[in-house]
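Protein chains in written order, with our numbering: chain H, 1 to 418; chain C, 419 to 836. Glycine included, every Cβ here is placed at the ideal spot set by N, Cα and C.
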DNA sequence: TTAGTTTGGGCGTCGTCCCAACAAAGCGTG
DNA sequence: CACGCTTTGTTGGGACGACGCCCAAACTAA
């Protein structure tokens, strides 16, 4: 997630940019460090109380924060805590995957407000149909929010494949079987676009979701997202690394086993052929085994896998160790290059990762030159399969923090009980 | 190197921050896009001519830009081009290496103003002595600049080893034999520090030197530095990626050939075993061949290699193609992860890279998932051994672009011929 | 010479932040 | 219970910076 107000590429700063930046700064500070008084805000942001006062009252007018409970300290006038108001604006994240489309709405505080999911087989439908289903889901979400008077900050869609953001086209989506699909344009057409719609690689969004503002161990992150394919994202200094054309994070097609299995991309020995979900399932079970049955929900199949591992089934444990080892080999390659503070495992890795972790850490120690694996820690994501949609929603909200003035002023109800 | 004015981590923006940012923006724009009129500046930066007028006159007062030649266009009043003035302020870069210490001063336009080098054997002296020698070199540079009335923006020192910038200590310098040396503090003490002194890893500075401000192809860079070992640096959005503990860029020990040759680090199949200088020389020549003789200067050995390749010697070409192929394999792995705009080859790669490039590009195309290698181009560095000092000097200058007001106003000579 | 075009700078206005002073709201103490 | 003490939040100048408008300057083309 880009955390900076960012004087951006070019244009000079004017006075209202100062206002915008400071409004965003205050709002962000309240989100990251919790409710606090105007005076505390002023001290912590290095501004005067008077300035903060006007900033806060503008944020209140825009419905972004509210006065909360009075706080009594030992001495002096009690302060009224200011806190982020989640009732006014939401960001929406969405995801297009091989077997489902889904949406999630988050309020300004990062709380889940709405969540929808539709199972489908993307490969048996064409892109237009899949996107129409997603558009339906988004419309339901939007109308549900609008009934409650919540405005929409934007929609960010994660898609499994390479997304060229300059041309706004999904260039390469081998898992979906999509090539050169203008996802953004189609959605804008279908939805009538009253808000900003951005499309990004799902791995990037999942990575962005793992950033925890203020936590130093969560600023330099390598996210490994395991599903049928393997992708991920790189976060450096809290900033997502997209690469020059937005193609960064395509870890799945690093060649780690020259001459190995043929991959869907046509090459041999790609990382995802040995560390993807398919590799795990094929190693862990015979073709007629229920967990190999695509009709069965993925969650259930993974739960069954965990159950077998907990029962110490030899074949299952062997598969988890073997695949975990390959995950570690690839992770070591990337860790040598990037030296992240934390490797976060998401997707199916998060579900069964506690059984793979020893193997991953073993290979990491073996493969990383820097002592103690360069201080890199391995953690399992707690966001589950919702990482990408959550990241998308967070990215949508980011525009509000970057420019709170984009949220309309509300005519404050003057009356009311005194 | 951080290129952004960066509202930094916390503190709110005030009015003078706007001024500072806009002054820097104008100055940077002139550096990046060359001399141009005030009107052009205004149009390109999205500001009014009057604002630009006052900004430029302040920059002139501070001696950072000057009015240049009048430019006659087809119609209308001719404009006077404004250009960056290199005569007022310089940034100094320095380097501490096993066999030499050196300095370089760059003016605001990036031109070399001063360059000094002192050969020594760092391993036979203690750190204090080496740093005293460097301090002498810096003092000479500074006094030479001050004679000419040039002020110093800062000093950035590159050192061979891991530098912990939060503690300002060289923690690990195996090549120098230095451990836990507070290089910054010692230099500040020796020099009396009238300017800012920063210390960094020399590889980082060399990588940063490859950034060309304003060139979009030189903002997202993967630098591959070939010597006996292979290392490098990652630049994303003009910003150097250091990793959480400063260990990033250790590419040499990525495992690209499982079960391959044993590496000095104890592992098998590390990238540098197939793409390092040793691999090339051993493949290209018998043990008694002069180019295998460590006593011979490296430049000469590489020149001989080039000579043979130009004569189309089969074994030499085979070796260059083979090693180049492995360079490409590793580059492809990193390119899938990072999607750089440009891969810059430095060290011995820069010397013989024109013979390896076809093989590198072949493997890059084969190994990168994104179409057309993700748009990544392969280039040879032209900076040679001065890359680190140049990067240091550029980093020092960066403070001027971030805040031009740090350069004192000069009392403009009022008189003069009308 | 005159009309047309573009440049650069001066002046007034507006927006934003800072500083200083002040009212508000408690706590502790006599 | 009144009074001082402390901290909070608000209010009214003052300073500073960018913008918009205007005008003189400088040059081309007819």
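Taking a Cβ-Cβ cut-off of 8 Å, residue 72 of chain H has no neighbours in chain C, whose nearest Cβ is about 28 Å from it. Three or more beta-carbon pairs separated by less than 8 Å link the segment 789-798 of chain C to the segment 756-767 of chain C, which places the two stretches in contact. Residue 79 of chain H is bridged by DSSP to H/71. Think of a sphere of 8 Å around the beta carbon of residue 638 of chain C: the chain H residues whose beta carbon falls inside it are 243, 244, in chain order.
Counting along the chain, the unbroken beta strand (DSSP E) around residue 534 of chain C starts and ends at 530-537. Rounded to the nearest whole angstrom, the C-alpha separation of residue 437 of chain C and residue 236 of chain H is 29 Å.
Against chain H, the CB of residue 754 of chain C has a partner CB under 7 Å away; the residue lies at that interface. Scanning chain H for C-beta atoms nearer than 7 Å to the C-beta of residue 654 of chain C yields 236, 241, reported in chain order. Annotation for residue 807 of chain C: the continuous alpha helix (DSSP H) segment containing it runs 805-820. Take the alpha-carbon of residue 578 of chain C and the one of residue 335 of chain H: they are about 21 Å apart. Neighbourhood of residue 443 of chain C in chain H, by CB distance below 9 Å: 7, 10, 11, 12, 13, in chain order. Where residue 619 of chain C is concerned, there is no enclosing alpha helix (DSSP H), although the beta strand (DSSP E) around it starts and stops at 615-619. By the C-beta density criterion, residue 404 of chain H is buried, having at least 16 other C-beta atoms within 10 angstroms.
Listed in chain order, the positions of the segment 374-400 of chain H with a beta carbon within less than 8 Å of a beta carbon of chain C are 374, 375, 376. In the DSSP assignment, residue 519 of chain C falls outside any alpha helix (DSSP H) and lies within the beta strand (DSSP E) extending over 518-525.
Contiguous beta strand (DSSP E) elements confined to the segment 143-202 of chain H occur at 151-159, 162-164, 169-172, 197-201, taking only those with 3 or more residues.
Contact with chain C is found for residue 22 of chain H, since one of that chain's Cβ atoms lies less than 7 Å from the residue's Cβ. Taking 7 Å as the threshold, the shortest C-beta distance from residue 665 of chain C to chain H falls below it. Distances from the CA of residue 430 of chain C to each of H/11, H/49, H/36, H/10 were compared; the closest alpha carbon is that of H/49.
With distances taken between CA atoms, residue 92 of chain H lies nearest to H/196 out of H/196, H/299, H/118, H/44.
Taking 7 Å as the threshold, the shortest C-beta distance from residue 187 of chain H to chain C does not fall below it.
Within its own chain, the residues whose Cβ lies closer than 6 Å to the Cβ of residue 768 of chain C, once the five positions on either side in sequence are excluded, are 798, 799, listed in chain order. Judged by DSSP secondary structure, residue 690 of chain C falls outside any beta strand (DSSP E) and instead within the alpha helix (DSSP H) spanning 689-693. Contact between residue 670 of chain C and residue 649 of chain C holds, since their C-beta atoms are separated by about 6 Å, short of 8 Å. Sorting H/63, H/127, H/29, H/371 by C-alpha distance to the C-alpha of residue 173 of chain H places H/127 at the top. Annotation: Cβ neighbours of residue 675 of chain C in chain H (cutoff 8 Å, chain order): 258. Contact note: residue 671 of chain C reaches chain H through 336, 369, using a C-beta cutoff of 7 Å and chain order.
In the DSSP annotation of this structure, the continuous segment of the beta strand (DSSP E) that includes residue 657 of chain C starts and ends at 657-659. Note: residue 225 of chain H is bridge-paired with H/231, H/346 in the DSSP secondary-structure output. Beta-bridge analysis with DSSP links residue 89 of chain H to H/151.
Between residue 206 of chain H and residue 393 of chain H, the C-beta spacing is not below 7 Å. Residue 637 of chain C sits in coil when the DSSP states are folded into three classes, being neither helix nor strand.
Look at the beta carbons and you see the segment 306-315 of chain H not touching the segment 260-275 of chain H: under three pairs across the two are nearer than 8 Å. Per DSSP, reduced to three states, the secondary structure at residue 559 of chain C is helical. The C-alpha of residue 639 of chain C lies about 14 Å from the C-alpha of residue 246 of chain H.
The continuous alpha helix (DSSP H) containing residue 438 of chain C extends over residues 433-451.
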